[in-house]
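Everything on this sheet refers to the single structure shown next.
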Amino acid sequence: MASETPTASNGHITEDEASLYDRQIRLWGLEAQTKMRSSTVLVLSLRGVAHELIKNIVLAGIGRLIVADGEKVTEEDLGSGFLFQEEAGAVGTERTAAALPQIASLNPLVSLTARPSLAPFVTEDGSDEDAIAAFLREEKVDVVVACDLSFKQMEAIDAGARKAGSMFYGAGTYGFYGYVFADLGKEYEFVVSPKGLPNETPVLEKKTAAFASLASVVDRSKWDLPATQVAEGGSPFRGLTRNNSKGQQPGLVIGLLALWEFEKRHGSLPTGAEGQQAEITAIAEELRKELAINEKALPAVDASVIEHLSSHATHFFPPTLAILGGLLAQDVLRVLSHKDTPIINLLSVDSLGGVGTVTRWAMAEPVDAAV
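Numbering (the UniProt record's numbering), first residue to last: 1 to 371.
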């Protein structure tokens, strides 16, 4: 059974909210804050990156947060963030129950709902896209974020979200590395303020983007098309120069793709067992050739990336969680306010190297919205 905290008043921003959010209202405007204030965000799984995400969006003042997780807190979970307190006896209790007091203490104006189950999003019999869509419609979820779930699970959740008209994020970390994937739907509109001359009054431009599904990112059927045809499913790397290719972190990107392929084949992430690194290396090399990555930019698979992913895919590294969770939260708030360009559409992060790169897969660049 879901547990809830009292809901803040509906409608316009109250005096208490205006006082609490004064700094950010001045930063991004009352209209953006009002949109966030009336939004509902669903976070699936309270592992890893969820902690930093939740902290940031709750402090920012979203309207309602739903958290769902069917597992109990383990000793390993204690290192993920602030949600689980060892001194409060969190180990062995339901993750949602253990996390709720910490979340509520961040911002009493945010309505909270805790569900001690990931159903219908993750079930033993597999995920039902129609059931997922029905839940999202009933709860009026604006954004659903799947944290550290398997690629197969995320594909089904994304498909259900597209049916419901909810925006979807999939995010996770593998040791030093991590990713954020965004599918904001078939017609996401936002405004940007182009750079102008000093002292000029900024003029907002309205843009629209048709986002791709997660399944389309790994659809290899049209990777023989060049990067200029990425909107049709072409390789984002085919035909790029050495410098442009290097700027896209191809070694890390194909490492993540290879890891997801390994997970789909075996039903789990690698643990460093004998033969796993060799298999992931072979998958990555196949992907490198199919994507036609510039030979001068990446003449061979990045062995250090593959070695780390093979051995540490199931490990949480606190700095990676903090960095990726912060970037994820920032983008969720951005899309709720429909202000500024969001992640389009796969962000890859190397926390050790301090590098993050966005690669556009299977979708066109945003265009001017029809007036």
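All residues carry an ideal CB built from backbone N, CA and C; glycine is no exception.
Item: Residue 339, buried or exposed, once every other Cβ within 10 Å from all chains shown has been counted against 16; Value: buried
Item: Simplified DSSP assignment, three categories, for residue 97; Value: helix
Item: Contained beta strand (DSSP E) runs [length at least 3] in the stretch 35-86, N- to C-terminal order; Value: 40-44 and 64-68
Item: Same chain, Cβ closer than 7 Å to residue 135, neighbours up to 5 away in sequence not counted; Value: 120
Item: The stretch 261-270 in contact with the stretch 315-335 per 3-pair CB rule at 8 Å; Value: no
Item: Span of the beta strand (DSSP E), counted from its first residue to its last, around residue 206; Value: 205-209
Item: Reduced DSSP secondary structure (H/G/I, E/B, other) of residue 247; Value: coil
Item: Own chain residues within Cβ distance below 6 Å of residue 95, not counting five before or after; Value: 46, 69, 71 and 73
Item: Neighbour-count burial assignment, residue 275, 16 or more Cβ in a 10 Å radius; Value: exposed
Item: Cutoff 8 Å; reference residue 153; Cβ partners in own chain excluding five residues on either side; Value: 121, 122, 127 and 146
Item: Exposure of residue 14, with buried meaning 16 or more beta-carbon neighbours within 10 Å; Value: exposed
Item: Where the alpha helix (DSSP H) through residue 16 begins and ends; Value: 15-20
Item: Meets three-Cβ-pair contact criterion under 8 Å: the stretch 356-369 and the stretch 202-211; Value: yes
Item: Length of the line joining the Cα atoms of residue 225 and residue 233; Value: 7 Å
Item: Straight-line Cα distance separating residue 363 from residue 245; Value: 18 Å
Item: Burial state of residue 26 (16 or more Cβ within 10 Å); Value: exposed
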